[in-house]
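*Asks:* Protein chains in written order, with the working numbering: chain A, 2 to 230; chain B, 2 to 230.
Next up, the structure:
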């Protein structure tokens, strides 16, 4: 194994708490008082339906920033946000660029990158991954994943294009993720798999993988231990 | 200005000395005794003709690693290297992944990345840029340039796709390069321009820009001074 690919949302960063915090910082000064966690969860709940439009070919590839905006437009009426101006909407989309890493990520990740090439293989676009990396001082070798593949996980092309970009065989690469569906798709594409438990990600957070994986870790420090880093 | 884009070969790394050193390390144990600098210069001299085949559309886009192999095949007869096996040829192509940065790069670059987003906008492919970054401990925000644009500089698409990947306007980005032709193309695409003198790059190394530029620096430390980093 030469490279580790990382899912980001949920696996490395806390989208639920981060989107709630950032949305509140933008909207509370404008007089809005929402259940911010419910708003964050509702926004994220539009993710799979929005992805499916593109993966099924009914909509062409657009960056996740654009998808996040479409998802936001879908839920605005539920939260009384119909009247927001364009600038505020654009600011809200950038909330996703400022999500905090889970506390165990920093130390474990630093150990892992000494031994392996490391790259996000996320559905997030390059600018979004750069924002999260700067926000959390994460050092990537390259930003791979959705934007270089021009498609979204769990399509095999996303995992395969990421391995090709590093000049590696799929079997030289292992996906690290907190979601069994992502790991099952990576395994089907020929990659190794490492599950990280994130029971606090959301009410559907996984304590353990529901599919066979090569490694199952409790957090990033445990993952570094188990991968000999 | 929010992002700095960097040309790499010649501007940041010494391809002439590096390819000579690495080629010697591979070929001398096999009994070859070449003028290693002449070999390096001859290999690089095939660069523009090989690029032109692709830029003109006579050959489809392939990664620079593949182009480097084609260029090597062109010059092998000149140096008596017709009989090399596939493994040795593949090793020679990887010589380009292990080039040393010029001595002034490390300090100036570290200062610049504190203030700006930084990305290579090179004709080198992602794996090649990752190799050079690991070899020299360079910390990029993302690997942009040729592979994400699926074309080669000085085509405008390469500069524009790199700005778009960061969600920035071309005018928010400045290209740093030691070659006036590269800077002229970047300026035509709407980017800012910064020249770094590299008179020792090759017999054609530039002491000063031959086109109008926004900034002209003697080296990376001087560039950091001039960009307020």
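Cβ coordinates follow ideal geometry from the N, Cα and C atoms, glycine included.
1. Assign residue 115/B to buried or exposed, taking buried as 16 or more other Cβ atoms, counted over all protein chains shown, within 10 Å of its Cβ.
2. Are the region 6-18 of chain A and the region 72-85 of chain A touching, with three or more C-beta to C-beta distances below 8 Å?
3. I want to verify the contact list: residues of chain D whose CB lies under 7 Å from the CB of residue 128/A, in sequence order.
4. To the nearest angstrom, how far is it from the Cα of residue 1/A to the Cα of residue 132/B?
5. Where does residue 213/A land, buried or exposed, given buried means 16+ other C-beta within 10 angstroms?
6. Is any heavy atom in the ligand HEM found nearer than 7 Å to the beta carbon of residue 122/A?
7. Cutting at 8 Å between CB atoms, please list the residues of its own chain near residue 54/B, excluding the five before and the five after it.
8. What do you get for residue 208/A, buried or exposed, if any count of 16 or more other CB atoms within 10 angstroms of its CB means buried?
9. Where does residue 9/B land, buried or exposed, given buried means 16+ other C-beta within 10 angstroms?
10. Would you kindly report the start and end of the unbroken beta strand (DSSP E) that includes residue 176/B?
11. Anyone know if the C-beta pair for residue 199/A and residue 193/A falls short of 8 Å?
12. Leaving out five residues before and five after residue 47/A in sequence, what residues of the same chain have Cβ atoms less than 7 Å from its Cβ?
13. Look at the alpha carbon of residue 157/A and the alpha carbon of residue 189/A, and state the distance between them as a whole number of angstroms.
14. Is the number of C-beta pairs between the region 130-150 of chain A and the region 143-153 of chain B that are closer than 8 Å three or more?
15. Determine the direct distance from the alpha carbon of residue 81/B to that of residue 122/A, and round the result to whole angstroms.
16. Taking C-beta to C-beta, are residue 171/A and residue 164/A nearer than 8 Å?
17. With contact counted as at least three CB pairs below 8 Å, one residue from each stretch, are the region 171-187 of chain A and the region 210-224 of chain A in contact?
18. Leaving out the 5 sequence neighbours to the left and right, which residues in its chain are closer than 6 Å to residue 41/B when beta-carbon positions are compared?
19. Let me know the secondary structure DSSP gives residue 78/A once reduced to three states.
20. Go through its chain and collect everything with a Cβ distance to residue 83/B's Cβ below 8 Å, but skip five positions before and after it.
*Replies:* On the basis of the data shown:
1. Within the second chain, residue 115/B is the residue found at index 114, counting from 1. Burial call: exposed.
2. no
3. Structure shown: chain D not included; protein chains present are A and B.
4. Residue 1/A is absent from the structure shown; chain A starts at 2 and stops at 230.
5. Here residue 213/A corresponds to residue number 212 of the first chain, with the count starting at 1. The residue in question, residue 213/A, is exposed, as its Cβ has fewer than 16 Cβ neighbours within 10 Å.
6. No copy of the ligand HEM occurs in the structure displayed, which carries no ligand at all.
7. Numbered from 1 along the second chain, position 53 holds the residue referred to as residue 54/B. Cβ neighbours of residue 54/B beyond the five flanking positions: 60.
8. As a working note, residue 208/A is residue 207 in the first chain. When all chains shown are included, residue 208/A counts as exposed.
9. Within the second chain, the letter at position 8 stands for residue 9/B. With 16 or more Cβ atoms within 10 Å of its Cβ, residue 9/B is classed as buried.
10. Residue numbering aside, residue 176/B sits at position 175 when the second chain is read from its first letter. First-last of the beta strand (DSSP E) with residue 176/B: 174-178.
11. In the first chain, residue 199/A corresponds to position 198, counting from 1. In the first chain, residue 193/A corresponds to position 192, counting from 1. Result no, Cβ atoms of residue 199/A and residue 193/A do not sit closer than 8 Å.
12. Taking the first chain and counting its residues from 1, one reaches residue 47/A at position 46. Excluding sequence neighbours, residue 47/A sits near 72, 75, 76.
13. As a working mapping, residue 157/A is identified with position 156 in the first chain. As a working mapping, residue 189/A is identified with position 188 in the first chain. Straight-line Cα distance between these residues: approximately 8 Å.
14. yes
15. The sequence position of residue 122/A within the first chain is 121, counting from 1. The sequence position of residue 81/B within the second chain is 80, counting from 1. If you take the alpha carbons of residue 122/A and residue 81/B, they lie about 44 Å apart.
16. Reading the first chain from its first residue, position 170 is the one you call residue 171/A. Reading the first chain from its first residue, position 163 is the one you call residue 164/A. Taking 8 Å as the Cβ cut-off, residue 171/A and residue 164/A qualify as a contacting pair.
17. yes
18. By one-based count along the second chain, residue 41/B stands at place 40. The residues are 17, 20, 21.
19. For the purposes of this step, residue 78/A is taken as the residue at position 77 of the first chain. Looking at residue 78/A - three-state DSSP - the assignment turns out to be helix.
20. Counting from one through the second chain, the residue named residue 83/B turns up at place 82. Closer than 8 Å at the Cβ level, and outside the excluded window around residue 83/B, lie 77.
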